[in-house]
Amino acid sequence: METLPIGKSLERIDARAKVTGRAEYGADVRLPDMLYCKGVYAAHPHAKLLAVHTDEAKRAEGVACVVTGADIPGEKMFGELYVDQYALVCDKTRFFGDVIAVVAAQTQEQADAAADLVTAEYEELPVLATPQMALASDIAINADYPNNICGNVHVRKGDIVAGFQAADVTVSGTYRTGFVEHAYIEPESVTAIPDRMRRELTVLGCAQAPYNLRLTVARMLNIPIAQVIVKPSVIGGSFGGKIESAESLAVRAGLVALITGRPAQYTLTREDSIRESYKRHPIDFDIRLGAKRDGTLCAMQVEAIGDAGAYINMSPPVMYKTATLGPGPYLISNVDYNATSVMTNTVHTGSMRGFGTPQAIFALENAMDELAEKLHLTPTELRRKNLLQNGDVSPCGHLLDFHEVSIRSVMEKAAAELEFDDKYARYTAENKDGRRIRRGVGIAVSMRGASIGADGNGFDVARAYIEVLDDGSVNVDLGLTELGQGLRTCQSQMVAEGLGVSFERICLGNTDTSRAPATGACIASRSTLLGGGALKDASIKVQAIMARALARQFGKSTDGIVFREDRVKFADIDISFGEAAKICYDLCETPIAVGTYVVPRLNWNEEKGFGEPFYTYTYSCHAAEVAVDLDTGSVDVLKMVGCHDMGRAINPAMAKGQIYGGLAMAQGMALIEDLGHSAKTSALKNLNFEDYLIPTVLDVPDCNVPILDEHHDPRSAFGGRSLGEPATEPGAGALLCAVNHALGHAGLIRELPADLDRVFAAIRSMEGEKS
Amino acid sequence: MMECREYIKVTTLEEALEALAAAQSGVKLLAGGTDVLVNAREGHPYRDMTIVDIYGIAQLCQVEEQADWIAIGAGATHAKIEQSPLIREKAGVLADACRTVGSPQIRNHATIGGNLANASPAADALAALSVLEAEVEINRLGNVRRVPLGDVIEKPYRTTLTERDLITRIFVKKAPAGTRFHFYKLGRRKALSISRMTIATLLHRDASGVITQFHMTMGATFPKPMLFADVDAMLIGKRPTRADIIAVADALSAKIPLIAGIRPSTAYKQPVCNKMVQRILNELLGGDAE
Ligand SMILES: Cc1cc2nc3c(=O)[nH]c(=O)nc-3n(C[C@H](O)[C@H](O)[C@H](O)COP(=O)(O)OP(=O)(O)OC[C@H]3O[C@@H](n4cnc5c(N)ncnc54)[C@H](O)[C@@H]3O)c2cc1C
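Line by line, the protein sequences give chains A and B.
Just so we're aligned: 519 in our numbering is position 519 of the first sequence, and the numbers increase by one with no gaps anywhere.
Just so we're aligned: 967 in our numbering is position 196 of the second sequence, and the numbers increase by one with no gaps anywhere.
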């Protein structure tokens, strides 16, 4: 009987509740006496807020209270790393998604109606709608950042000048990406419940990072941290999007709850969600690559400017990933990658699946194809020349001698599945015959650091609590959140393997910050690596406690004790795990432990921009095949392949699910997703899914293929590292390489999304050139 | 949530007419509601109105064959039209158009009457109805009249109907056997997509290859459904050559700036229209054009 749980595609523990509608999401919560909240948005994206008039709204039917920034008793601003964001604006609006007042009423309709009655007085300031405008302006959006620059990471390796001097061929140009919305199915909703005994709040709803939320609410509402209890509801997707967005809602709803003594629910409409929640950074890349005649890369120089929007949010660490992972999985001696984020009066930008790298890989991989074209090499030939291998030093200076550097195998598997080399040659030839629907293929590679990286040195930690009960069942309290990715199932599989018990014994409940020890959040593709480390540590500690009890019970040495497949064996003893658990309780031992895992300090030199930026890496390759209609500019995605070495797939079916989703997300970013940002007013035009288009089931090919190229990582407790973000990282790059191949010019289209108009304009310019 | 003054659900045509006669000023018909309920989310457009819900009235859901026409009940859903063997055979361009609407959920629920009366320029049925020379039967409190499609829609989101006018049926001309239909929809994605442009074509040739009937027009392009006699005449009576096809493409695409004016989208739509018209005609003529 084989009971080892890792590597099995076990059914998700939440699957049935979700498909039958029993799962309770944030907005499903109903409590007696509950109030409903509605925010009032700023009328101007950059203005001094002189006065907010709430009297009329307060008198409206059903209204229980109206709160403004002045009512916040504690700190007025919050933020995970940089404290600069208002939950309720106090003195100055910075973008259209700023909230100046919140109305709470008996019903949502009453709250909505009363919100229309709130008015305000502003002194308008010039609107800095783009990074270019913000850099040129002497007006500071945030006084602490006089030139509007809020983050800069500069990676340097070797001698960039010498590198280009040694190059036989260079390419250079600009690539740009747009804002991207997370587009989680469930818009944000939180419910704040005041305690009847003391100043204590329980917060339910869609909190991706519950301990961060707890801290923010504690600081802003003046409550001890222990008296803010966060219990995330079932969360309908997040992709990095329900961190700060949920925190500001929790502060506003919490304020209402404390003032009224009633539970307060705050649910965003889709329009409000898109208006106020942060996005993926648009980044402009000036990129220059140099290579030897044979294709060997010798220099890479990139100047990247990201739009941080109105609040700093995660911009500096996003720029860290852009600069450290933007150079790709290549062996290259001379690198100069400078990434800067600039504050504007547009919607803020922050965490989103990929965190600054899908944009960078898009730019790099299309520039690589330009280089290949100039060198008369195919895309795979150029990459084969330059991909990293075991023992190589990464573009940032990291000696890769601690795990299998599998990017070559990863790329070959993806290429083989798509029949890349064959199709590349075939389509290149057939497209010359004047046909109007042309096919193309593209390939893009990446390496992604697992977890936070050196900019998180010293605080990249996870904790987990394991309790064995006297019937042999196992209670696990974990603060890493289930967002729909299947985390609870995977983490349960790791506990089961760590303790040597069957999966069925594990009960990993909903996160509750009053029970589970504080942990770094489920972000940065870190939960398998970090959660696994903490669970392993807790498992070992619990096993040690159980061993001590068993030694007492049997009077025998437990040296070399083995917990495996629900049996416990030592000396000549062979008992079931359940019996062992019972013995612990009979002897009044306590088989409970908290495990901790901290990523070891990384040797990264921030000034020089060189060293070990991450602890370990996932290797990825996406390959894409498209058909482009020259008469309309429409792009039909025919097939995508995603091959990843995520170390070990804890649950292969769910790992593949991540890849399918990641490919679809990349397709949206590459081809259609567009918030309709106005470079004049900074407003977003596309605020719901009628206007903000994401791929439908008919757009995403049925024949997409996920491939797992597993090489267990010795740096991970259970061999697995990251997949969440890698799964979408190279996709947009691969798609644009494919579109540009179909059009016969690498680097022809340089801006995302490559939608109908943009592709058609590129075709016109290309055909114009010819005639 | 939709706010209204009064909501009346009727189950027969007679009840509908009675309700329309009895209501105070401010009446809104509700069919599938896929436009009405979306509109209701912005402001409170129906707060002071009586909603008369005509969805599912059996008399309004029939598809019947007549001598020269097919009579389609205004309450017929896009799914019903798309699947009707009669429409597929004798007015196939309409079935093809209805197949491109929204998603299965929308097609199963939304009606052709609603599509027409909502008068969105992007309504997908309209270009197909144009080439089928559609006429609209309107019942105003018991008085029935029948008017050409182009006279019902005035401009984007505006019809010539009063609030008490009920569309009962839409008549489309039966095409002779051997007629070729084509419906092309250009959207930003493959489902749930608002048309950027549609092109509907109806073409009939006699045994010798001479074109006897031809209509071709665009949707999501003009303020109202339009047919162009001058363009249609360019192929009728001819065995078209490559040059004829190019001439039609030039003439049709030239209507865009002429009628809709030059807009930011013209730079895209006009050349795309030109290329697609050529492609569609080449396909329908099976490469016969020299
Ligand atoms: C998600 C989504 C996707 C969509 N996709 C498409 C698409 O791809 N293509 C497309 O063309 N449309 C699309 N639509 C729009 C809509 O579905 C269609 O216009 C549909 O045909 C409307 O029909 P209905 O029965 O729902 O009309 P309703 O919303 O009930 O009514 C629409 C209008 O017609 C009037 N009306 C209805 N019946 C009559 C009648 N018998 N006599 C007089 N007036 C009447 C109503 O008063 C109202 O003004 C989409 C809508 C949604 C919500």
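For every residue, glycine included, the Cβ atom is placed at its ideal position computed from N, Cα and C.
(request) Compute the minimum distance between the beta carbon of A/Val495 and the heavy atoms of ligand 1, and state whether it is under 8 Å. (result) As a position in the first sequence, residue 495 of chain A is number 495, starting the count at 1. No; taking the cut-off as 8 Å, the Cβ of A/Val495 has no heavy atom of ligand 1 nearer than that.
(message) Output needed in chain order: residues of the region 173–186 of chain A with a Cβ under 8 Å from some Cβ in chain B.
(response) none
(message) Just to confirm my understanding: we take A/Ala450, look at its own chain, exclude 5 residues before and 5 after, and list those with CB closer than 7 Å. What are they?
(response) If you number the first sequence from 1, residue 450 of chain A lands on position 450. Answer for A/Ala450: Ser525, Arg526, Leu529, Phe614, Tyr615, Thr616, Tyr617, Thr618, Arg721 and Ser722, listed in chain order.
(request) Could you list which residues in chain B have their beta carbon closer than 8 Å to that of A/Ile672, in chain order? (result) Within the first sequence, numbered from 1, the residue matching residue 672 of chain A stands at position 672. Under the 8 Å cutoff, chain B gives Arg959 and Arg960.
(request) Output, in chain order, the set of chain A residues within a Cβ distance shorter than 7 Å of B/Leu963. (result) Sequence index remark: in the second sequence, residue 963 of chain B carries index 192 (1-based). Per Cβ cutoff of 7 Å: Thr696.
(request) Determine, using beta carbons only, whether A/Glu303 comes closer than 9 Å to chain B. (result) Counting from 1 along the first sequence, the entry for residue 303 of chain A is found at position 303. Not closer than 9 Å to any Cβ of chain B, the Cβ of A/Glu303 fails to qualify, so no.
(request) Taking only the alpha-carbon atoms, compute the straight-line gap between A/Glu121 and A/Ala666 and give it to the nearest angstrom. (result) For the purposes of this step, residue 121 of chain A is identified with residue 121 of the first sequence, where counting begins at 1. For the purposes of this step, residue 666 of chain A is identified with residue 666 of the first sequence, where counting begins at 1. For A/Glu121 and A/Ala666, the distance between alpha carbons rounds to 42 Å.
(request) Using only the heavy atoms of ligand 1, determine whether one of them is closer than 8 Å to the beta carbon of B/Lys799. (result) For the purposes of this step, residue 799 of chain B is taken as residue 28 along the second sequence, with counting starting at 1. Within the cutoff, so yes.
(message) For A/Gly747 and A/Asn740, what's the separation of their Cα atoms in angstroms?
(response) Within the first sequence, residue 747 of chain A is the residue found at index 747, counting from 1. Within the first sequence, residue 740 of chain A is the residue found at index 740, counting from 1. When rounded, the distance between both Cα atoms is 6 Å.
(message) Please identify the residue among A/Arg280, A/Val153, A/Gly391 and A/Asp91 whose C-alpha is closest to the C-alpha of A/Asp336.
(response) What you label residue 336 of chain A is simply residue 336 of the first sequence in a count that begins at 1. Of the listed residues, the one whose Cα sits closest to A/Asp336 is A/Val153.
(request) Identify the contact partners of A/Ser634 in chain D, using a Cβ-Cβ distance below 9 Å as the criterion. (result) Given the protein chain composition of this structure (A and B), no chain D is represented.
(message) For ligand 1, I want to know if B/Thr871 counts as a neighbour, meaning its beta carbon is within less than 8 Å of at least one of the ligand's heavy atoms.
(response) Here the question's residue 871 of chain B lines up with position 100 in the second sequence. Yes; taking the cut-off as 8 Å, the Cβ of B/Thr871 has a heavy atom of ligand 1 nearer than that.
(request) Flag B/Arg916 as yes if its beta-carbon sits less than 9 Å from any beta-carbon of chain A, otherwise no. (result) Start at 1 with the first residue of the second sequence, and residue 916 of chain B comes out as number 145. False, the Cβ-Cβ gap to chain A never drops below 9 Å.
(message) Taking 8 Å as the cut-off, is the beta-carbon of B/His849 closer than that to any non-hydrogen atom of ligand 1?
(response) Looking up residue 849 of chain B in the second sequence gives position 78. Yes.
(request) Could you work out which residues of chain B lie near A/Asp699, taking near to mean beta carbons separated by less than 7 Å? (result) Position 699 of the first sequence, counted from the first residue, corresponds to residue 699 of chain A. Residues of chain B passing the Cβ test: Arg960 and Lys961.
(message) What residue range does the beta strand (DSSP E) around A/Ser189 cover?
(response) Position 189 of the first sequence, counting from 1, holds the residue named residue 189 of chain A. Here the beta strand (DSSP E) through A/Ser189 covers Ser189 to Pro194.
(message) Ignoring anything shorter than 4 residues, give me the alpha helix (DSSP H) runs that lie fully in the region 564–593 of chain A, in order along the chain.
(response) 577–586
(request) Going by DSSP, name the residue or residues bridged to B/Lys956. (result) As a working mapping, residue 956 of chain B is identified with position 185 in the second sequence. Answer is B/Thr969, bridged to B/Lys956.
(request) Jot down the residue ranges of each uninterrupted alpha helix (DSSP H) in the region 212–284 of chain A, minimum 4 residues, whole runs only, in chain order. (result) 244–260 and 270–276
(request) Check whether the Cβ atoms of A/Phe503 and A/Pro714 sit closer than 9 Å, and answer yes or no. (result) Within the first sequence, the letter at position 503 stands for residue 503 of chain A. Within the first sequence, the letter at position 714 stands for residue 714 of chain A. For A/Phe503 and A/Pro714, no; Cβs fall outside 9 Å.
(message) Please report the distance separating the alpha-carbon of A/Arg16 from that of A/Arg435.
(response) Stepping through the first sequence from its first residue, residue 16 of chain A is reached at position 16. Stepping through the first sequence from its first residue, residue 435 of chain A is reached at position 435. If I take the Cα positions, the gap works out to 49 Å.
(request) Report, in whole angstroms, the separation of the C-beta atoms of A/Ile141 and A/Ala323, which I expect to be a contact under 8 Å. (result) On the first sequence, residue 141 of chain A is found 141 positions in, with the first residue counted as 1. On the first sequence, residue 323 of chain A is found 323 positions in, with the first residue counted as 1. Wrong, their Cβ atoms sit about 23 Å apart, outside the cutoff.
(request) Please state whether DSSP places A/Asn704 in a helix, a strand or coil. (result) Reading the first sequence from its first residue, position 704 is the one you call residue 704 of chain A. Correct three-state label for A/Asn704: coil.
(request) Give a yes or no on whether the C-beta atoms belonging to A/Asn651 and A/Gly486 are separated by under 9 Å. (result) Taking the first residue of the first sequence as position 1, residue 651 of chain A is located at position 651. Taking the first residue of the first sequence as position 1, residue 486 of chain A is located at position 486. It is a contact, given that the beta carbons lie within the stated cut-off.
(request) Compare the C-beta of A/Leu399 against all C-beta atoms of chain B and say whether one is closer than 9 Å. (result) The sequence position of residue 399 of chain A within the first sequence is 399, counting from 1. It does not; no Cβ of chain B falls within 9 Å.
(request) Quick one: list the residues of chain B neighbouring A/Leu693, beta-carbon separation under 7 Å, in chain order. (result) Taking the first residue of the first sequence as 1, we reach residue 693 of chain A at position 693. Here the neighbours are Arg959 and Arg960.
(request) Could you tell me which chain B residues have their CB closer than 7 Å to the CB of A/Leu663, listed as they occur along the chain? (result) Looking up residue 663 of chain A in the first sequence gives position 663. Simply none; closest approach about 16 Å.
(request) Select from A/Ala754, A/Val562, A/Ile443 and A/Asn212 the residue whose C-alpha is nearest the C-alpha of A/Val501. (result) For the purposes of this step, residue 501 of chain A is taken as residue 501 along the first sequence, with counting starting at 1. A/Val501 has its Cα closest to that of A/Val562, out of A/Ala754, A/Val562, A/Ile443 and A/Asn212.
(request) Just mark A/Ser771 as buried or exposed, buried being the case when its beta carbon has 16 or more other beta carbons within 10 Å. (result) Along the first sequence, read from residue 1 onward, the residue named residue 771 of chain A stands at position 771. Its pLDDT being 49, under 50, A/Ser771 is placed unreliably by the model, and the measurement read from it follows with that caveat. It is exposed - the Cβ of A/Ser771 has fewer than 16 other Cβ atoms within 10 Å.
(request) Name the residue from A/Leu483, A/Gly290 and A/Leu602 whose alpha carbon lies nearest to the alpha carbon of A/Met654. (result) Within the first sequence, the letter at position 654 stands for residue 654 of chain A. If we check each option's Cα against that of A/Met654, A/Leu483 comes out closest.
(message) If you reduce the DSSP assignment to three classes, tell me which class A/Ser446 lands in.
(response) If you number the first sequence from 1, residue 446 of chain A lands on position 446. In this structure, A/Ser446 counts as strand in the three-state DSSP scheme.
(message) Just to confirm the assignment: which complete beta strand (DSSP E) runs, minimum length 3, are found wholly within the region 899–946 of chain B?
(response) 906–911, 914–919, 924–926 and 936–944
(message) Quick check: what's the CA-CA separation for A/Val234 versus A/Val190?
(response) Here residue 234 of chain A corresponds to residue number 234 of the first sequence, with the count starting at 1. Here residue 190 of chain A corresponds to residue number 190 of the first sequence, with the count starting at 1. Those two C-alpha atoms are separated by around 11 Å.
(request) Quick one: residues in its chain with C-beta nearer than 7 Å to the C-beta of A/Ser557, no 5 flanking neighbours on either side, listed in chain order? (result) For the purposes of this step, residue 557 of chain A is identified with residue 557 of the first sequence, where counting begins at 1. If we look at A/Ser557 and ignore the five residues flanking it on each side, its Cβ neighbours are Ala551 and Ala571.
(message) Tell me the rounded alpha-carbon separation between A/Ala27 and A/Gly236.
(response) To locate residue 27 of chain A, count along the first sequence from 1; it is residue 27. To locate residue 236 of chain A, count along the first sequence from 1; it is residue 236. Taking the straight line joining both Cα atoms gives about 11 Å.
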